[in-house]
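Read the structure below first, then the notes.
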Amino acid sequence: MQSENELTPTAIRTYICLIKAGKPVGPREVMRKAKLTSPSVAYRNLQKLIEMNLAYKDKYGNYGAKEKKGIRGYFWIGKKLIPRFIIFGFIFLAVVIIEMGILLFHLLYGSPIEGSFWLLT
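Note that this note's numbering numbers the sequence shown so that position 104 is 1396, with each residue one more than the last.
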């Protein structure tokens, strides 16, 4: 069960919607952009973001993000939220490409392969 000060996936989508908007938006617009089921769900998530000091409500009833804060397991690139594990995916992909290049080199030139795969040992 999640504690009171952890963001649910729906609240994270709401927060990302506020960040991407870049200006104060109403609950209905948040509902449409975050693909929520009703304005009341958007309103509840917006209230939770205000309680966590991640959002504010202006005098017209619109909501905006105060600032971008880090979310556990993700990092920001511009207005995009990227999973941290994508870094490991890129490292793994680079190792596979390098190893395939080494294998291709050895197959084309007929040299012994044993000592070349140092990344796999």
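Beta carbons: idealized from backbone N, C-alpha and C, even for Gly.
Report task. Can you check the region 1335-1369 for any alpha helix (DSSP H) of at least 4 residues that lies completely inside it and give the ranges in chain order? Result -> The qualifying runs do not exist here; there are none.
**Prompt:** By how many angstroms is the C-alpha of Ile1363 removed from the C-alpha of Tyr1307?
**Reply:** Between Tyr1307 and Ile1363, the alpha-carbon positions lie close to 10 Å from each other.
Exercise. Leaving aside the five residues before and after Pro1316 along the sequence, list all residues of the same chain whose C-beta is less than 7 Å from its C-beta, in chain order.
Key: Setting aside the 5 residues that flank it on each side, Pro1316 is surrounded in the same chain by Asp1350, Asn1354, Tyr1355 and Gly1356, each with a C-beta closer than 7 Å to its C-beta; the list follows chain order.
(request) Determine the direct distance from the alpha carbon of Arg1305 to that of Lys1325, and round the result to whole angstroms. (result) If you take the alpha carbons of Lys1325 and Arg1305, they lie about 9 Å apart.
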